[in-house]
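Asker: Protein chains in written order, with the UniProt record's numbering: chain A, 1 to 332; chain B, 1 to 332; chain C, 1 to 335; chain D, 1 to 335. C-beta: ideal position from N, C-alpha, C; glycine also. Quantities reported herein were computed from a predicted structural model and do not represent experimental measurements.
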Amino acid sequence: MSEAVEPLPDDVDGEYALKLFAEMLRVRRFEEKCAEMYSAGKIRGFLHLYIGEEAVGSGVMQSVASEDAVVATYREHGHALLRGISMNAVMAEMYGKQEGCSRGRGGSMHLFDKATHFIGGNAIVGGGFPVAVGYALAAKMQNTGAVAWCIFGEGAMAEGEFHESLNLAALWQLPVVFCCENNYYAMGTALDRSESETHLVDKARSYKMDAEVVDGMDVLATEAAARRAAAHARSGNGPYFLEFQTYRFRAHSMFDAERYRSKEEVHEHELQGPLRIFAARLQATGVLDDDKRAVLEAEVASEIDAAVTFAEAGTLEPVSELRRFVYVEDRS
Amino acid sequence: MSEAVEPLPDDVDGEYALKLFAEMLRVRRFEEKCAEMYSAGKIRGFLHLYIGEEAVGSGVMQSVASEDAVVATYREHGHALLRGISMNAVMAEMYGKQEGCSRGRGGSMHLFDKATHFIGGNAIVGGGFPVAVGYALAAKMQNTGAVAWCIFGEGAMAEGEFHESLNLAALWQLPVVFCCENNYYAMGTALDRSESETHLVDKARSYKMDAEVVDGMDVLATEAAARRAAAHARSGNGPYFLEFQTYRFRAHSMFDAERYRSKEEVHEHELQGPLRIFAARLQATGVLDDDKRAVLEAEVASEIDAAVTFAEAGTLEPVSELRRFVYVEDRS
Amino acid sequence: MSTRVPAGIREITYREAAREGLHEALENDERVFLMGEDVGRYGGSYAVSLGFLEEFGPERIRDTPLSESAFVGAGIGAALGGMRPIVEIMTVNFSLLAADQIINTAASYLHMSGGQFNVPLVIRMATGGGLQLGAQHSHSLENLYAHVPGLKVLTPATVEDVRGMLATALADPNPVLIFEHILLYNRKGLLPETPGAVDIDRARVRREGTGVSLITYGGSLWKCMEAAERLEQEGIDAEILDLRSLRPLDDESIMATVAKTRRVVVVDEGWRSGSISAEITARIHEQAFYELDVPVERVCAAEVPIPYAKQLEDAALPQVADIVAAAKKVVSGNG
Amino acid sequence: MSTRVPAGIREITYREAAREGLHEALENDERVFLMGEDVGRYGGSYAVSLGFLEEFGPERIRDTPLSESAFVGAGIGAALGGMRPIVEIMTVNFSLLAADQIINTAASYLHMSGGQFNVPLVIRMATGGGLQLGAQHSHSLENLYAHVPGLKVLTPATVEDVRGMLATALADPNPVLIFEHILLYNRKGLLPETPGAVDIDRARVRREGTGVSLITYGGSLWKCMEAAERLEQEGIDAEILDLRSLRPLDDESIMATVAKTRRVVVVDEGWRSGSISAEITARIHEQAFYELDVPVERVCAAEVPIPYAKQLEDAALPQVADIVAAAKKVVSGNG
Ligand SMILES: Cc1ncc(C[n+]2csc(CCOP(=O)(O)OP(=O)(O)O)c2C)c(N)n1
Ligand SMILES: Cc1ncc(C[n+]2csc(CCOP(=O)(O)OP(=O)(O)O)c2C)c(N)n1
Ligand SMILES: [Mg+2]
Ligand SMILES: [Mg+2]
């Protein structure tokens, strides 16, 4: 990249910035390993990678409080890791092992975690909207101060459940932060072929909801926007909508030949990738250098190796357990 | 009403204005008879009256061309009559007679007519949106020049099918005219308790759809707005949204105790009722006088009497026919 | 009428009983709230929650916009968030708009999350025909949901059950659907002195008999009762089993009555093909094959969208005469 | 492989056959168009319509937004408007978002309008499990729709059927749902020299036998075929009936094979309770009561949301070994 790189703003703490970078790097390398393990046949089913979109999850999760809930999609590995689900548990889940965060029953698209209120991993596009609204309703009725973070792609906005849910959240002034990860494609369908109005915040505003557009490739921007949204929702001002403009560097899933976009288009976005850009800025600021980078890479690599080892060593849930967890048997 | 009544504008033809009035009167008296016949146990099931909203249907139907389709709701007697379904066939339908426009199988909520492309009478709130969009899609693909007129209440706008359908219509630039009959209540739920944004045209515009607010109590206003909408849709400019602000003078259905609004509120609106207002204007213009009015009333009364006689004399479809029309048996 | 009522026992309508159950639930548990279209200001489409808004306030008697998928899903989310929502869907036909949330989410989350997230949600909906409401308001789609693992499906037919099953459903950590037949709301019944939660694990014999078993649920129970009286006059002593729960089904009670009478009629207002009556028949075939001398008879709704015209609707729905005829057929043994 | 193929007959995958059927339909009738998520630029989620966009253009190969209810309903409206839409829903689980349009509208309009408005709509959707896609992508909800009067439900299991049933469905004036099992797309089969529309009124005997009848449909057909070979080695000669259509069901063919073998196993990937296998069992019980010496056996999916882990998914779905065991059980007569 020839153009001059701007250093970090003065008000940004270098260590904090480095932490954000390390988190993104961790997600990136994890996803790369997942792709590798999918090709190796260790991970099966559908696999949706977050590569290119790391700055969104990393920025958002900084504002997610312990009592908050996260309702995500099938492209949620990054969110799960960033939310604090151990890499071991996530990798083991994709291996279909009992040690996985969903006991191996969910797989890549259905990561769950009770401790962090990570309410899925939902593979029905739009299916998470009402759930997030309901969680926020419970939070409001019980005054827990919790916020529901609803993460979804721009394609989901065409679903009726988006419309019904945003209206409910705004009508009832519920603490939901709607995080649209606008990567401009829904599988092979470009945004302008799925929405008559591509200026997505206008949609949110049509429910009288506060909304802003955010550069989803700049982790400082996503982090700041999420903080504003959280403050808004937590202080009882109702829902907030964030459109994060980002891009998916990899195929939609491992079954996608990417006929709907050119290699050039992808490459151009990669040049503006969240890690690349931020790394350059950290270097320009003197917060990161090659040695530090090498250390970070090594740490991540060893954590990933450990996760793979953990997953490999995991147990296959005995078939005799198949019928468990269809119902909770004891009355609460 | 003490305040001065303004006469008709000069550019409005008196005879035409009188025709509009006569149509509204016809619907009003028909609905009153339906209420009477419901109490008499002749009409059963759910009955939703159009009383108070006649100016919308009367104005709109003036622009509906023979090739156009009308997709309505369960509150569709007026639209059916105004579209040209004979009063005999409509009344017979409510009597559940074979001579009814749906053979007595549909009843009040399910009036249908092939000849006029009256595609129901739909009792699923929001269910008609996609059907209207699809009809318009067929019209566009076949260049028939037909427009799909989608009639619905403001309460239906909260349904996901509204959102999905308006987006499709706008995205594909389909000839649909969305006619919202905003009577401010969905059963007992007032608009501001069902929508975070009560300025309904803003919702339509969030799909990049042309939209206007119309005084639904003024038949000249509704007629003119429908003409603009029809011209827009017919000339290939895509869908159009009309919000008709009107009011329901009677209960939602015959099972409604109307706890959600005051008698005073209803009375105030009645004073501004579409027939009352327009009659006064016609009189002020000298187009209508007591004798003419008496003649009109007499004509309508005799048509209604004839319809009741017709319905009474109608045949009950033999039970042996029950299983007909579940499938079309001959291959097309 | 109340003269006929034994001391301590109250005669009350199904509507009042449903209402008492709701009232009790709202009083006993702060986490419980009622959400749905027109449950508040309107008073409930079948007037079950009339007056509750004034008593419990708009937070707990929550009128919703017309958004079935969102408010059912919001019920799921609220349940996950620690509340005990009761979601009301006006009519089972409308529940199809929320089928995704009910089947893909509510029924799946516990298993999909490896046992972490159960959904203690109760959904009440009106079902059935008989009021000439036509093809979009009159169906009995119970089996659509009874087919789905993860859900429980209850069909209270008596005042005691409609009152008590709600409490039981609320105490259940799983999603529970309660179907209330529209023809029952105005029907009166006797409520025990101290009504309360009722078990939902067992079917109930509503009438002891030895000649033929009428296995049914919901609104059809009373048609069976009437049929039994007619049959008695013809010397046929019918036993009536009220299933009460369609998922799970109480095989034990079903097989017990089958073993007792060896003559079975299943009465189900759902469309015959692919209905719960087929499942019951299949289970009897599988588990009581050697007990039967004649095949099970099914009395179901005709396979047509329920029409408006009275004579057609009557012909489309199971009637007492149909039940009597089916019972005589199995008794006469010419299966 | 093609060496094994008789002259004139082509060996082709199920995907290619589905593709040929679509291609033919689009070529033969201007009114036909394909509409759904990613049918165009992406090439179809299972690559069935790959390349069609370039050939037929975006008007007739219509990519839709994620709006199942609207584009299915738009298919209904377009059908009413004179077109012959083929709507593709990626997976049956997603069809729940359009259940209202399919059941309350498409299935009801003809009857509700007194015979005036039929809906010549074809809806294709992928169904079934076996690819470790988890609980929101792997179900077999065929009976949800097979239960509904006004709909026709087809389950092509062979290359000839998936190719030919589309033409037949398009010629049908009623709404027709076609379920394509995800495990079949890559499976090869033999296509007759001049393939074309096939009847959808009759089930087909895919294997003649006298010892036991395996009644099945869709993806399970091939598991039954494999089971039949294993059974043959154990001296059991299985007959296999491929239902092909779940609504209507071909009672005549079912009873014919029952009468022939008097030993029946129904294999159905749907959840056991309330499944189409229950309806088939009930009909056999009702219509062939005196022909059977042992009760019908059902091999169905376990009643759990289909899990991701391979060993659990395998255990949840009907397997060849389960079919073999069930067949031996009914043959050995200890029903
Ligand atoms: C209701 C539903 N319809 C269709 C699908 C198939 N599908 C899975 S992801 C996807 C695209 C979603 O795009 P978007 O919401 O933008 O999220 P992204 O994948 O881009 O992150 C589709 C069509 C689904 N899973 N659920
Ligand atoms: C999907 C669905 N949900 C609920 C109902 C019950 N219902 C019938 S009419 C109605 C109110 C509709 O209000 P609106 O759309 O404003 O039309 P209006 O009756 O005022 O003309 C409701 C809730 C229904 N018929 N369909
Ligand atoms: Mg996207
Ligand atoms: Mg209204």
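Give me the subset of the stretch 72-106 of chain C whose CB atoms are less than 8 Å from a CB atom of chain A, sorted by chain position.
Answerer: V72, G73, A74, G75, I76, G77, A78, A79, L80, G81, G82, M83, P85, D100, Q101, N104 and T105
Asker: CB-CB under 6 Å to D:A78, same chain, minus the five flanking residues each way: which ones, in chain order?
Answerer: By 1-based counting over the fourth sequence, the position of residue 78 of chain D is 78. These residues qualify, in order along the chain: P85.
Asker: Any idea if B:Y247 is buried or exposed, counting beta-carbon neighbours within 10 angstroms, 16 or more meaning buried?
Answerer: Position 247 of the second sequence, counting from 1, holds the residue named residue 247 of chain B. It counts as buried.
Asker: Assuming D:Y308 and A:G314 make a contact with CB atoms under 8 Å, what is their CB distance in whole Å?
Answerer: Within the fourth sequence, numbered from 1, the residue matching residue 308 of chain D stands at position 308. Within the first sequence, numbered from 1, the residue matching residue 314 of chain A stands at position 314. No, D:Y308 and A:G314 are not in contact; Cβ-Cβ is about 13 Å, not under 8 Å.
Asker: Name the two residues that bound the continuous alpha helix (DSSP H) containing D:D172.
Answerer: The sequence position of residue 172 of chain D within the fourth sequence is 172, counting from 1. No alpha helix (DSSP H) holds D:D172; DSSP gives it neither H nor E.
Asker: Would B:E159 and A:G100 qualify as a contact pair, given that the criterion is a beta-carbon distance under 9 Å?
Answerer: Along the second sequence, read from residue 1 onward, the residue named residue 159 of chain B stands at position 159. Along the first sequence, read from residue 1 onward, the residue named residue 100 of chain A stands at position 100. It is not a contact, given that the beta carbons lie outside the stated cut-off.
Asker: Which term fits A:S66, buried or exposed, when burial requires 16 or more other beta carbons within 10 angstroms of its beta carbon?
Answerer: Within the first sequence, residue 66 of chain A is the residue found at index 66, counting from 1. The residue is exposed, with fewer than 16 neighbouring Cβ atoms inside 10 Å.
Asker: Taking the beta carbon of D:E229 as the centre, do at least 16 other beta carbons fall within 10 Å, making it buried, or is it exposed?
Answerer: The residue given as residue 229 of chain D occupies position 229 in the fourth sequence. The residue in question, D:E229, is exposed, as its Cβ has fewer than 16 Cβ neighbours within 10 Å.
Asker: Confirm, please, whether the CB-CB distance from C:L166 to C:R204 is below 9 Å.
Answerer: Here residue 204 of chain C refers to the residue found at position 204 when the third sequence is read from its first residue. Here residue 166 of chain C refers to the residue found at position 166 when the third sequence is read from its first residue. No, Cβ-Cβ distance for C:R204 and C:L166 is not below 9 Å.
Asker: Return the chain-ordered list of same chain residues with a C-beta closer than 6 Å to the C-beta of C:S138, the five sequence neighbours on each side being excluded.
Answerer: As a first step, residue 138 of chain C is located in the third sequence; it is residue number 138 there, counting from the start. The residues G129 and I306, in chain order, have a CB closer than 6 Å to that of C:S138 in the same chain once the five nearest residues on each side in sequence are set aside.
Asker: Alpha helix (DSSP H) containing C:I61: first to last residue?
Answerer: Reading the third sequence from its first residue, position 61 is the one you call residue 61 of chain C. Segment I61 to D63 is the beta strand (DSSP E) holding C:I61; no alpha helix (DSSP H) there.
Asker: Starting from the N-terminal side, write out each stretch of the alpha helix (DSSP H) that is 4 residues or longer and does not extend beyond the stretch 229-316 of chain A.
Answerer: 263-271, 274-285 and 290-313
Asker: Would you verify that the beta carbon of C:Y185 is, or is not, closer than 9 Å to some beta carbon of chain B?
Answerer: Position 185 of the third sequence holds residue 185 of chain C. Not an interface residue.
Asker: Indicate, with yes or no, if ligand 4 has a heavy atom lying under 8 Å from the CB of B:A186.
Answerer: Here residue 186 of chain B refers to the residue found at position 186 of the second sequence. Checking the Cβ of B:A186 against ligand 4 gives yes.
Asker: Pull up the CB-CB distance for B:A72 and B:T222, whole angstroms please, since I reckon it's below 8 Å.
Answerer: In the second sequence, residue 72 of chain B corresponds to position 72, counting from 1. In the second sequence, residue 222 of chain B corresponds to position 222, counting from 1. Actually they are not in contact, since the Cβ atoms of B:A72 and B:T222 sit about 15 Å apart, beyond 8 Å.
Asker: Using a C-beta to C-beta distance shorter than 9 Å, which residues of chain D count as neighbours of B:V308?
Answerer: Against the second sequence, residue 308 of chain B aligns to sequence position 308. Chain D residues near B:V308: none, gap ~20 Å exceeds 9 Å.
Asker: Just to confirm, are C:M218 and C:A157 a CB contact at a threshold of 9 Å?
Answerer: Sequence index remark: in the third sequence, residue 218 of chain C carries index 218 (1-based). Sequence index remark: in the third sequence, residue 157 of chain C carries index 157 (1-based). Here residue 218 of chain C turns out to be Gly, not Met, going by the sequence shown. A contact, by the Cβ cut-off of 9 Å.
Asker: Straight-line CA distance for D:V264 to D:T281?
Answerer: Within the fourth sequence, residue 264 of chain D is the residue found at index 264, counting from 1. Within the fourth sequence, residue 281 of chain D is the residue found at index 281, counting from 1. Straight-line Cα distance between these residues: approximately 9 Å.
Asker: For D:Y145, write down the residues that DSSP places opposite it in a beta bridge.
Answerer: Position 145 of the fourth sequence holds residue 145 of chain D. None; D:Y145 has no bridge partner.
Asker: Touching or not, the stretch 29-39 of chain B and the stretch 300-309 of chain B, by the rule of three or more beta carbon pairs under 8 Å?
Answerer: yes
Asker: Looking only at its chain, what residues have a beta carbon closer than 7 Å to the beta carbon of B:Y207, apart from the 5 residues adjacent to it on each side?
Answerer: Numbered from 1 along the second sequence, position 207 holds the residue referred to as residue 207 of chain B. Taken in chain order, the residues that qualify are L166, N167 and A170.
Asker: Suppose you measure from the CA of C:G51 to the CA of C:G40; what does that come to, to the nearest Å?
Answerer: Counted from its first residue, the third sequence places residue 51 of chain C at position 51. Counted from its first residue, the third sequence places residue 40 of chain C at position 40. Distance between the alpha carbons of C:G51 and C:G40: 8 Å.
Asker: Please classify B:W149: does DSSP put it in a helix, a strand, or coil?
Answerer: Taking the first residue of the second sequence as position 1, residue 149 of chain B is located at position 149. Strand.
Asker: Have a look at C:T91, C:Q132 and C:V122 and flag the residue whose alpha-carbon is nearest the alpha-carbon of B:M109.
Answerer: The residue you call residue 109 of chain B lines up with position 109 of the second sequence. Considering only alpha carbons, the answer is C:Q132.
Asker: Helix, strand or coil for B:K208, going by three-state DSSP, please let me know.
Answerer: Position 208 of the second sequence holds residue 208 of chain B. Correct three-state label for B:K208: coil.
Asker: I want to see whether chain B comes within less than 9 Å of D:T13, judged by CB atoms only; does it?
Answerer: Indexing the fourth sequence from 1 puts residue 13 of chain D at position 13. D:T13 does not count as touching chain B.
Asker: Please report the Cβ distance between A:A251 and A:Y240, rounded to the nearest whole angstrom; I am assuming they are in contact, meaning their Cβ atoms lie under 8 Å.
Answerer: Residue 251 of chain A sits at position 251 when you count from the first residue of the first sequence. Residue 240 of chain A sits at position 240 when you count from the first residue of the first sequence. Contact flag wrong, Cβ pair sits at about 31 Å.
Asker: Nearer than 8 Å: is that true of the beta carbon of C:Q136 relative to any heavy atom of ligand 5?
Answerer: As for ligand 5, it is missing from this structure, which binds only ligand 1, ligand 2, ligand 3 and ligand 4.
Asker: Give a yes or no on whether the C-beta atoms belonging to A:D113 and A:A148 are separated by under 9 Å.
Answerer: Counting from one through the first sequence, the residue named residue 113 of chain A turns up at place 113. Counting from one through the first sequence, the residue named residue 148 of chain A turns up at place 148. No, the pair does not count as a contact, with Cβ atoms beyond the cut-off.
Asker: Leaving out five residues on either side along the sequence, give the residues of the same chain with a beta carbon under 7 Å from the beta carbon of residue 341 of chain C.
Answerer: With chain C covering only 1 through 335, there is no way to say anything about residue 341 of chain C.
Asker: Check for me: the alpha helix (DSSP H) holding B:F129 runs from which residue to which?
Answerer: As a working mapping, residue 129 of chain B is identified with position 129 in the second sequence. Run containing B:F129: G128 to Q142, per the alpha helix (DSSP H) assignment.
Asker: Report the residue from D:G196, D:S140 and D:H285 whose alpha carbon sits nearest the alpha carbon of D:A301.
Answerer: Stepping through the fourth sequence from its first residue, residue 301 of chain D is reached at position 301. Ranked by Cα distance from D:A301, the options D:G196, D:S140 and D:H285 are led by D:S140.
Asker: Where do the ends of the alpha helix (DSSP H) carrying A:S39 lie?
Answerer: The residue labelled residue 39 of chain A in the question sits at position 39 within the first sequence. Taken as a continuous stretch (DSSP letters only), the alpha helix (DSSP H) holding A:S39 covers G14 to S39.
Asker: Can you list the residues of chain A that B:Y184 reaches, using a CB-CB cut of under 7 Å?
Answerer: The sequence position of residue 184 of chain B within the second sequence is 184, counting from 1. Correct list: empty, because the minimum Cβ distance to chain A is about 16 Å.
Asker: Please name the residue in A:G59, A:I151 and A:W172 whose C-alpha comes closest to that of A:A138.
Answerer: Taking the first residue of the first sequence as 1, we reach residue 138 of chain A at position 138. That would be A:W172, whose Cα lies nearest to the Cα of A:A138.
Asker: Between D:S245 and D:D201, what straight-line distance do the alpha-carbon atoms span, to the nearest angstrom?
Answerer: Locating residue 245 of chain D in the fourth sequence gives position 245, where the first residue counts as 1. Locating residue 201 of chain D in the fourth sequence gives position 201, where the first residue counts as 1. Whole-angstrom Cα-Cα distance: 7 Å.
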